[in-house]
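Below: the structure, in structure tokens.
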Amino acid sequence: MAACVSSAARLVPSKEFAARARSNARARRAVRHRAMASSPDADTTPAEANLSERPPSRRQTLVSALAASVLASASPLASSPALAAEGKRTVLVVGATGATGRLVVDELRRRGDADAAVVAAVRSEEKAKKLGVDKGDVELLPGFDVTMSANVLATAMKSVDAEIVVVCTGFVPGNPFKMAAAARAVDNEGVVHLVDAAKRSGTVKRIVLISSILTDGRAMGAEDSPGFKITNAFGGVLDEKLVGERALIDSGVEYCIVRPAGLRGEPPKTELVVTPGNVMASGEVSRELVARVMAEAAFAPGAAGKIVEIAETGTFAPGYEPAEVSRFVVGDDKTRWFP
-13 MAACVSSAAR
-3 LVPSKEFAAR
7 ARSNARARRA
17 VRHRAMASSP
27 DADTTPAEAN
37 LSERPPSRRQ
47 TLVSALAASV
57 LASASPLASS
67 PALAAEGKRT
77 VLVVGATGAT
87 GRLVVDELRR
97 RGDADAAVVA
107 AVRSEEKAKK
117 LGVDKGDVEL
127 LPGFDVTMSA
137 NVLATAMKSV
147 DAEIVVVCTG
157 FVPGNPFKMA
167 AAARAVDNEG
177 VVHLVDAAKR
187 SGTVKRIVLI
197 SSILTDGRAM
207 GAEDSPGFKI
217 TNAFGGVLDE
227 KLVGERALID
237 SGVEYCIVRP
247 AGLRGEPPKT
257 ELVVTPGNVM
267 ASGEVSRELV
277 ARVMAEAAFA
287 PGAAGKIVEI
297 AETGTFAPGY
307 EPAEVSRFVV
317 GDDKTRWFP
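Just so we're aligned: the sequence shown equals residues -13 to 325 in my numbering.
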């Protein structure tokens, strides 16, 4: 993905525009809250759309119009100019400030692909800069939040001519009383929003999605395995991820789904193991290896339409090692990464 845009070619929202957006943020959130609470439309989530089946009242219509006006004038995503250099394929990394997302951005930048530009979609520009996400020629697309409507996200994707979208999002466990809602908002509805946005953008040709082993554990007959029980205890996250995966598979957009085993922050210790979907029920893998596979999946022709599960040798729990695991040990041989 790599060879990116020169500094002179960067186009970013003006300071005046950014200041106006910040000053209107509070009003925008309030208007959006009222609009979603009282006037479902085509861009709300299915749950929001089912809140009422009655025709909108005059007041609801006015609120919706006001919300659209405020969003159009105040949201950086609604009118941000294209950031990618003309003639380059843009790879848009969503969730680029996360532990894995940052590594994916780094890996894509290091590839040095002459015909590709990297754009990092982030919620907070300040955080992204502090973390160094914008190193080299990587561009930032700030204010990008997967809980936004598909129309807003589609406008953002189109503004940078995103051709490949690499999704590195995932909910972070926190308040135990809110985990289910958080998992649903990010791993289920958030992915659905991104998929819908990609379809509406008219520019996106491939989506690479990070997921998890055991996402389809019930179909594997692994719902009683320790890995499934422990992971899904965090807000039913595996069930929520499965909804997102299915939305992508059924979307008609070219895809690759990467399901890592348990994520580790340390560098790789052993060799990479890659299997098709619904094979692994345990294991661990370095985030660095995940980033390499995600970056390769963005471009590899053989990755299209594939679900792959990845781990490192020697990390499987006793009794939960894939059968004939030796035949899935691929190491650095990228020709075998997408079976």
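All C-beta atoms in this analysis are idealised placements derived from N, C-alpha and C, irrespective of residue type, glycine included. The structure displayed is predicted, hence computed values, not measured ones.
#1: Using alpha carbons as the reference points, say which of Gly248, Asn137, Val239 lies closest to Gly213.
#2: Over the uninterrupted beta strand (DSSP E) stretch that includes Ala106, give me the two end residues.
#3: Let me know if Thr321 comes out buried or exposed under the rule of 16 or more other beta-carbons within 10 Å of its beta-carbon.
#4: Quick check: Ala148 and Thr86, are their CB atoms within less than 8 Å of each other?
#5: Check the C-beta distance from Val119 over to Ala82 and give it rounded, since I have them as a contact under 8 Å.
#6: Closest to Val158 by CA distance: which of Gly263, Met280, Asp173 is it?
#7: Would you give the residue range spanned by the alpha helix (DSSP H) that Ala166 belongs to?
#8: Given a cut-off of 8 Å, decide if Gly221 and Ala168 are closer than it, judged by their beta-carbon atoms.
#9: Beta carbon of Glu298, beta carbon of Glu270: below 8 Å?
#10: Would DSSP call Ala247 helix, strand or coil?
#11: Using DSSP bridges, identify the partner residues of Ile196.
#12: In the DSSP assignment, find the unbroken beta strand (DSSP E) run with Glu125 in it and report its ends.
#13: With respect to the alpha helix (DSSP H) encompassing Thr86, which residues constitute its N-terminal and C-terminal limits?
#14: Would you check if the segment 92 to 101 and the segment 275 to 284 touch, i.e. whether three or more CB-CB distances between them fall below 8 Å?
#15: Using the three-state DSSP reduction, which class does Val316 fall into: helix, strand or coil?
#16: Hey, Val294 and Phe324: beta-carbon distance below 8 Å or not?
#17: Whole angstroms are fine: how far does the CA of Arg204 sit from the CA of Asp123?
#18: Quick one: what does DSSP say Val138 is sitting in, helix, strand or coil?
#19: Restricting to Cα atoms, I'd like to know which of Ala286, Ala277, Gly305, Pro304 is closest to Ile296.
#20: Does the distance from the CB of Glu231 to the CB of Leu195 come in under 8 Å?
#21: Classify Val265 as helix, strand or coil using the three-state DSSP reduction.
#22: Which one of Ser268, Glu125, Ala103, Gly263 has the shortest CA to CA distance from Gly73?
#23: Helix, strand or coil: which one does DSSP assign to Lys292?
#24: Locate the beta strand (DSSP E) running through Val119, then write down its first and last residues.
#25: From which residue to which residue does the beta strand (DSSP E) around Glu270 run?
#26: For Asp318, which of Glu274, Gly305, Glu307 has the nearest alpha-carbon?
#27: Could you pull out every residue in the same chain whose Cβ sits closer than 8 Å to the Cβ of Cys154, ignoring the five residues on either side in sequence?
#28: Just checking my contact of Ala233 with Val177 at CB under 8 Å: how many whole Å lie between their CB atoms?
#29: Since Val105 and Thr141 should fall inside the 8 Å C-beta cutoff, what is the C-beta to C-beta distance between them, to a whole number of angstroms?
#30: Pick from Gly238, Pro308, Lys255: whose alpha carbon is nearest that of Val181?
#31: Over what stretch of residues does the alpha helix (DSSP H) that includes Ala205 continue unbroken?
#32: On a CA-only basis, which of Lys255, Ala208, Ser198 is nearest Leu228? Give me that one, please.
According to the data block:
#1: Position 227 of the sequence shown, counted from the start, is the residue given in the question as residue 213. It is Gly248.
#2: Locating residue 106 in the sequence shown gives position 120, counting from the first residue. Run containing Ala106: 102 to 107, per the beta strand (DSSP E) assignment.
#3: For the purposes of this step, residue 321 is taken as the residue at position 335 of the sequence shown. So Thr321 counts as exposed.
#4: Translated into positions along the sequence shown, residue 148 becomes position 162. Translated into positions along the sequence shown, residue 86 becomes position 100. Cβ atoms of Ala148 and Thr86: not closer than 8 Å.
#5: Here the question's residue 119 lines up with position 133 in the sequence shown. Here the question's residue 82 lines up with position 96 in the sequence shown. Indeed they touch by this definition, with Cβ atoms about 5 Å apart.
#6: Here residue 158 refers to the residue found at position 172 of the sequence shown. Of the candidates Gly263, Met280, Asp173, the one whose C-alpha sits nearest the C-alpha of Val158 is Asp173.
#7: The sequence position of residue 166 within the sequence shown is 180, counting from 1. Note, Ala166: alpha helix (DSSP H), 165 to 169.
#8: As a working note, residue 168 is residue 182 in the sequence shown. As a working note, residue 221 is residue 235 in the sequence shown. Going by beta carbons, Ala168 and Gly221 fall inside the 8 Å limit.
#9: Stepping through the sequence shown from its first residue, residue 298 is reached at position 312. Stepping through the sequence shown from its first residue, residue 270 is reached at position 284. Glu298 is a Cβ neighbour of Glu270, given a cutoff of 8 Å.
#10: Here the question's residue 247 lines up with position 261 in the sequence shown. Three-state DSSP puts Ala247 in coil, outside helix and strand.
#11: The residue labelled residue 196 in the question sits at position 210 within the sequence shown. Per the DSSP secondary-structure output, Ile196 pairs in a beta bridge with Val244.
#12: The sequence position of residue 125 within the sequence shown is 139, counting from 1. Looking at the DSSP string, the run of the beta strand (DSSP E) that includes Glu125 is 125 to 127.
#13: For the purposes of this step, residue 86 is taken as residue 100 along the sequence shown, with counting starting at 1. Note, Thr86: alpha helix (DSSP H), 85 to 97.
#14: yes
#15: Taking the first residue of the sequence shown as position 1, residue 316 is located at position 330. DSSP places Val316 in coil when its eight states are reduced to three.
#16: As a working mapping, residue 294 is identified with position 308 in the sequence shown. As a working mapping, residue 324 is identified with position 338 in the sequence shown. The answer is yes: Cβ separation under 8 Å.
#17: Here residue 123 is taken as the residue at index 137 of the sequence shown, counted from 1. Here residue 204 is taken as the residue at index 218 of the sequence shown, counted from 1. Looking at the two C-alpha atoms, the distance is approximately 43 Å.
#18: By 1-based counting over the sequence shown, the position of residue 138 is 152. Reduced to three states, the DSSP call for Val138 is helix.
#19: Numbered from 1 along the sequence shown, position 310 holds the residue referred to as residue 296. Nearest option by C-alpha distance: Ala277.
#20: As a first step, residue 231 is located in the sequence shown; it is residue number 245 there, counting from the start. As a first step, residue 195 is located in the sequence shown; it is residue number 209 there, counting from the start. Yes. Within cutoff.
#21: The residue given as residue 265 occupies position 279 in the sequence shown. Looking at Val265 - three-state DSSP - the assignment turns out to be coil, as it is neither helix nor strand.
#22: Here residue 73 corresponds to residue number 87 of the sequence shown, with the count starting at 1. The shortest Cα separation from Gly73 among Ser268, Glu125, Ala103, Gly263 belongs to Ala103.
#23: Taking the first residue of the sequence shown as position 1, residue 292 is located at position 306. Lys292 falls in the strand class under three-state DSSP.
#24: As a working mapping, residue 119 is identified with position 133 in the sequence shown. No beta strand (DSSP E) contains Val119, which DSSP labels as neither H nor E.
#25: Stepping through the sequence shown from its first residue, residue 270 is reached at position 284. First-last of the beta strand (DSSP E) with Glu270: 270 to 272.
#26: Walking along the sequence shown from the start, residue 318 turns up at place 332. Selection Glu274, Gly305, Glu307 evaluated against Asp318 yields Glu274 as nearest (Cα-Cα).
#27: Working through the sequence shown from its first residue, we reach residue 154 at position 168. The answer, listed in chain order, is Val79, Val80, Gly81, Ala82, Gly84, Thr86, Gly87, Val90, Ile196, Met280.
#28: Within the sequence shown, residue 233 is the residue found at index 247, counting from 1. Within the sequence shown, residue 177 is the residue found at index 191, counting from 1. Correct: roughly 6 Å between the Cβ atoms.
#29: Residue 105 sits at position 119 when you count from the first residue of the sequence shown. Residue 141 sits at position 155 when you count from the first residue of the sequence shown. The Cβ separation is near 14 Å, so there is no contact.
#30: Counted from its first residue, the sequence shown places residue 181 at position 195. Nearest C-alpha to Val181: Gly238.
#31: The sequence position of residue 205 within the sequence shown is 219, counting from 1. Note, Ala205: alpha helix (DSSP H), 203 to 206.
#32: Translated into the one-based positions of the sequence shown, residue 228 becomes position 242. Relative to Leu228, the option among Lys255, Ala208, Ser198 whose CA is nearest is Ser198.
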